[in-house]
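K.L.:
Chains as they are written, first to last, in this note's numbering: chain R, 34 to 327; chain B, 615 to 836.
The C-beta atom is built at its ideal place from N, Cα and C for all residues, glycine as well.
Note that the coordinates shown come from a computational prediction; the quantities given were computed from them, not determined experimentally.
Please see the structure below; I have some questions.
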Amino acid sequence: MARCFKEVLNSGKFVITSEIGPPKGTNLEKMLHHIDLLKDKVDAMNVTDHQSSVMRFPSIGGVLAIKERGGEPILQMTCRDRNRLALQAELLFAYTRGIRNVLCLTGDAVPVGDHKMAKGVFDLDSSQLLRTVRQLESGKDLGGNDLDGKVEFCAGAIVTPEADPLEPQLIKFEKKVDSGAEFFQTQAIYDLNNFRRFMDFARRFKVKILAGIILLVSARMAKYMNNNVPGIFVPQALIDELASAPKGTALKKGIEIAGRMIRQIKDEEICDGVHVMAIGKEEVVPDILDVAGI
Amino acid sequence: MIRTITKRKPFEEVEKLLEDVERVFIIGCGTCTTMCHTGGQPEVQEMEEKLRQKGKVVTGWMVIPVACDELTHEALEEHGDAIEAAQALLIMTCAFGVQTVSAHLKKVVLPAVDTLFIGLESGLGMFSEVCNQCGECILGDTGGICPVTACHKGLVNGPCGGTKKGKCEIDPDKDCAWTLIYERLKQQGKLEKMLKYYPPKNFQVEPKPGKIFIPEEEGGEQ
């Protein structure tokens, strides 16, 4: 049985979390396989909530599956698809089913996804959702009404250390801390010098920081992310390293890069842990951890 | 000047609206749709020509100076016979104009334009939304730039993670509202305002549909 994530966070151990992407459809085979593969190798697994605004099996369904299979889940909740009633209701439900960790996100914009004509809700934002969790823990809902049975969550948020411009993102980070975030999982980082500078700032706050590690599978993917994904910067040296890998070995090189980064972050105690995102290649996460020596 | 921004419906959609209509009267507006080139005199005449070519009988047309104004009633009376002869009115004003005409006449009204937002012409042919009338103005804390309108998600507590080089994740040509607010507040030496927490918005400031009585002696102050 997995240990409670909050305990792990506060144990001083180097924390490893990973990410599970639910399927588009009802075939859960691959997702369950990934859960079984990772549940004993990582401290907790996030389940994404219609990532990139693409409609999928819900994150609540994913975290329940993790729970049933003995893993420790982190429920990702975005504010894009539900108003404050629905978000609160889901937090109540999740709590009754043993879910104790929630990652509060604003959510991607609707037009970047696959239901471009949908109404983006954004009744709340990430900081307001964090405070909603704390409000429900106090035994009251957002309307100020008493709850018959309250909740208790370890609540986290995200931050983008490579945001451009960076300062507004740091101010938002501080606001999320003030709103009750206990841990942060960052957007992918690849430049450790930039990340160290971010940590010089983040260390001032009593929160745990898990560095986001997205597996690079090709030089093309790295370039694509640089050009298209907000808040991600892959240094040229890494792109060159991937490009120089012999044909058919780019994935191996990506695993090596991710593992190497994790090892360095851990050895140099740059932050409190890592959040590994393999985006569809979850089966190689154990290999990444092997390279990292974990 | 702030105005209602509209765009023309595709002509095929207009044709569909007029499927069962033989005789039609066209109404444009001398204000907002004239300035947006969606329902001024040239567009009304172009529509008349197109409909004639499609075999419709255009009983007449007019461009009301300000279609949402109360004088619209008098303006419509001047064309009483031609309007009477039509089975439906094709209206090339914003939706406010369509509703004003509909309130005065018992005729079938068919909109030929879509009303998009309240905004201004920020460049030649470029129209931008400026206020979505949320009822809780926070411009005093945001350097005079409205995140409720200018941020795609309407976020009031700072930027999301979708900013790329100061642009929005939905459009590389769209400025991130929170980058603009940050720059303005920084220049004003008021960056601490970005740390202010805004609780969830009150969407019932004025329950939809908006209707409010403002006594003259109070000037609406509450």
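Mind checking which residues open and close the alpha helix (DSSP H) that includes E663 (chain B)?
P.N.:
Here residue 663 (chain B) is taken as the residue at index 49 of the second sequence, counted from 1. 655 to 667 is the extent of the alpha helix (DSSP H) around E663 (chain B).
K.L.:
Whose Cβ in chain R lies nearer than 7 Å to the Cβ of L809 (chain B)?
P.N.:
As a position in the second sequence, residue 809 (chain B) is number 195, starting the count at 1. Chain R residues near L809 (chain B): I204, E207, K208.
K.L.:
Tell me the rounded alpha-carbon separation between V307 (chain R) and R296 (chain R).
P.N.:
Here residue 307 (chain R) refers to the residue found at position 274 of the first sequence. Here residue 296 (chain R) refers to the residue found at position 263 of the first sequence. About 10 Å.
K.L.:
Report all residues from its chain with a CB closer than 7 Å to the CB of K63 (chain R); omit the five preceding and five following residues, and keep chain order.
P.N.:
As a first step, residue 63 (chain R) must be located in the first sequence, where it is residue number 30. P56, listed in sequence order.
K.L.:
Who does W675 (chain B) pair with in a DSSP beta bridge?
P.N.:
Your numbering for residue 675 (chain B) matches position 61 in the second sequence. B:I640.
K.L.:
In whole angstroms, what is the alpha-carbon distance linking T729 (chain B) and M661 (chain B)?
P.N.:
By 1-based counting over the second sequence, the position of residue 729 (chain B) is 115. By 1-based counting over the second sequence, the position of residue 661 (chain B) is 47. Whole-angstrom Cα-Cα distance: 18 Å.
K.L.:
If contact means a Cβ-Cβ distance below 7 Å, which residues of the stretch 668 to 682 of chain B contact chain R?
P.N.:
Per Cβ criterion, the list is empty.
K.L.:
Taking Cβ-Cβ distances below 9 Å as the criterion, which residues of the stretch 714 to 741 of chain B are in contact with chain R?
P.N.:
Hits within the stretch: zero.
K.L.:
Strictly below 8 Å CB to CB, what residues from chain R border L769 (chain B)?
P.N.:
By one-based count along the second sequence, residue 769 (chain B) stands at place 155. Correct list: T139, F155, D158.
K.L.:
In the DSSP output, which residue or residues are listed as bridge partners for M78 (chain R)?
P.N.:
As a first step, residue 78 (chain R) must be located in the first sequence, where it is residue number 45. Beta-bridge pairing links M78 (chain R) to R:S51, R:P106.
K.L.:
On the premise that L120 (chain R) lies in contact with L162 (chain R), defined as a C-beta separation below 8 Å, what is that separation, rounded to the nearest angstrom?
P.N.:
Here the question's residue 162 (chain R) lines up with position 129 in the first sequence. Here the question's residue 120 (chain R) lines up with position 87 in the first sequence. The pair is a contact, with the Cβ atoms about 6 Å apart (cut-off 8 Å).
K.L.:
Using a Cβ-Cβ cut-off of 8 Å (strictly less than) and excluding sequence neighbours within five positions of E274 (chain R), which residues of its own chain qualify?
P.N.:
Position 241 of the first sequence, counting from 1, holds the residue named residue 274 (chain R). Excluding sequence neighbours, E274 (chain R) sits near K286, I290.
K.L.:
Report yes or no: do the stretch 689 to 705 of chain B and the stretch 718 to 726 of chain B share at least 3 C-beta pairs separated by less than 8 Å?
P.N.:
Output reads yes: the stretch 718 to 726 of chain B touches the stretch 689 to 705 of chain B.
K.L.:
Does the separation of the CB atoms of C187 (chain R) and E170 (chain R) fall below 8 Å?
P.N.:
Here residue 187 (chain R) refers to the residue found at position 154 when the first sequence is read from its first residue. Here residue 170 (chain R) refers to the residue found at position 137 when the first sequence is read from its first residue. Not a contact, by the Cβ cut-off of 8 Å.
K.L.:
Which residues in chain R have a C-beta closer than 7 Å to the C-beta of C774 (chain B)? List them in chain order.
P.N.:
In the second sequence, counting from the first residue as 1, residue 774 (chain B) sits at position 160. Ordered by position in chain R, the residues that pass the 7 Å Cβ test against C774 (chain B) are T139.
K.L.:
Leaving out five residues on either side along the sequence, give the residues of the same chain with a beta carbon under 6 Å from the beta carbon of V143 (chain R).
P.N.:
Residue numbering aside, residue 143 (chain R) sits at position 110 when the first sequence is read from its first letter. So the list reads S86, A151, G153, once near-sequence residues are dropped.
K.L.:
If you count every other CB in all the chains shown that lies within 10 Å of the CB of E52 (chain R), and 16 or more means buried, which is it?
P.N.:
Locating residue 52 (chain R) in the first sequence gives position 19, where the first residue counts as 1. Buried.
K.L.:
Roughly how far, in whole angstroms, is the beta-carbon of I697 (chain B) from the beta-carbon of A689 (chain B), given that I think they are within contact range, below 8 Å?
P.N.:
Position 83 of the second sequence holds residue 697 (chain B). Position 75 of the second sequence holds residue 689 (chain B). Their Cβ separation, rounded to whole angstroms, is 11 Å, which puts I697 (chain B) and A689 (chain B) out of contact at 8 Å.
K.L.:
Can you confirm whether P263 (chain R), when its beta carbon is compared against all beta carbons of chain B, has any partner nearer than 8 Å?
P.N.:
By 1-based counting over the first sequence, the position of residue 263 (chain R) is 230. Chain B contact via Cβ: present.
K.L.:
Roughly how far, in whole angstroms, is the beta-carbon of A135 (chain R) from the beta-carbon of M110 (chain R), given that I think they are within contact range, below 8 Å?
P.N.:
To locate residue 135 (chain R), count along the first sequence from 1; it is residue 102. To locate residue 110 (chain R), count along the first sequence from 1; it is residue 77. Note that residue 135 (chain R) is Val in the sequence shown, not Ala. With 8 Å as the limit, V135 (chain R) and M110 (chain R) qualify as a contact, their Cβ atoms being about 6 Å apart.
K.L.:
Under the three-state reduction of DSSP, which class applies to P268 (chain R): helix, strand or coil?
P.N.:
On the first sequence, residue 268 (chain R) is found 235 positions in, with the first residue counted as 1. If DSSP states are grouped into helix, strand and coil, P268 (chain R) belongs with coil.
K.L.:
Using the beta-carbon count (16 or more within 10 Å), is D331 (chain R) buried or exposed?
P.N.:
Residue 331 (chain R) lies beyond the residue range present for chain R, which begins at 34 and ends at 327; the question has no answer from this structure.
K.L.:
Kindly indicate if chain B contains any beta-carbon less than 8 Å away from that of L271 (chain R).
P.N.:
As a first step, residue 271 (chain R) is located in the first sequence; it is residue number 238 there, counting from the start. It does not; no Cβ of chain B falls within 8 Å.
K.L.:
Using a C-beta cutoff of 8 Å, does D329 (chain R) count as contacting chain B?
P.N.:
Absent from the structure is residue 329 (chain R), since the part of chain R shown begins at 34 and ends at 327.
K.L.:
Say whether chain B places a C-beta atom closer than 8 Å to the C-beta of L82 (chain R).
P.N.:
Taking the first sequence and counting its residues from 1, one reaches residue 82 (chain R) at position 49. Checking the sequence, you will find Asp at residue 82 (chain R) rather than Leu. Answer no: the Cβ-Cβ gap between D82 (chain R) and chain B never drops below 8 Å.
K.L.:
Find the residues of chain B that neighbour T193 (chain R), judging by a C-beta separation of less than 7 Å, and give them in chain order.
P.N.:
The residue you call residue 193 (chain R) lines up with position 160 of the first sequence. The answer, in chain order, is G775.
K.L.:
What does a CB cutoff of less than 6 Å around K299 (chain R) pick up in its chain, not counting 5 residues either side in sequence?
P.N.:
Mapped onto the first sequence, residue 299 (chain R) falls at position 266. Excluding positions up to five away in sequence, the list reads F47.
K.L.:
Assign S44 (chain R) to one of two classes, buried (16 or more other C-beta atoms within 10 Å of its C-beta) or exposed (fewer than that).
P.N.:
Within the first sequence, the letter at position 11 stands for residue 44 (chain R). S44 (chain R) should be labelled exposed.
K.L.:
Could you check whether the Cβ of P268 (chain R) sits closer than 8 Å to any Cβ belonging to chain B?
P.N.:
Stepping through the first sequence from its first residue, residue 268 (chain R) is reached at position 235. Chain B, which has no Cβ nearer than 8 Å to the Cβ of P268 (chain R), makes this no.
K.L.:
Apart from the five residues just before and just after G94 (chain R), which ones in its own chain have a Cβ nearer than 7 Å to its Cβ?
P.N.:
As a position in the first sequence, residue 94 (chain R) is number 61, starting the count at 1. Correct list, in chain order: P55.
K.L.:
So if DSSP puts E743 (chain B) in a beta bridge, which residue, or which two residues, is it bridged to?
P.N.:
On the second sequence, residue 743 (chain B) is found 129 positions in, with the first residue counted as 1. Partner(s): B:G733.
K.L.:
Which residues bound the alpha helix (DSSP H) around M232 (chain R)?
P.N.:
Working through the first sequence from its first residue, we reach residue 232 (chain R) at position 199. Here the alpha helix (DSSP H) through M232 (chain R) covers 225 to 235.
K.L.:
Helix, strand or coil for T756 (chain B)? Go by DSSP, reduced to three states.
P.N.:
Taking the second sequence and counting its residues from 1, one reaches residue 756 (chain B) at position 142. Correct three-state label for T756 (chain B): coil.
K.L.:
Using 10 angstroms around the beta-carbon of G644 (chain B), count the other beta-carbons present and answer buried if the total reaches 16, otherwise exposed.
P.N.:
The sequence position of residue 644 (chain B) within the second sequence is 30, counting from 1. With 16 or more Cβ atoms within 10 Å of its Cβ, G644 (chain B) is classed as buried.
K.L.:
Under the three-state reduction of DSSP, which class applies to G146 (chain R): helix, strand or coil?
P.N.:
As a first step, residue 146 (chain R) must be located in the first sequence, where it is residue number 113. Correct three-state label for G146 (chain R): coil.
K.L.:
Out of B:L734, B:D789, B:T648, B:T756, which has the shortest C-alpha to C-alpha gap to K807 (chain B)?
P.N.:
Locating residue 807 (chain B) in the second sequence gives position 193, counting from the first residue. Considering only alpha carbons, the answer is B:T756.
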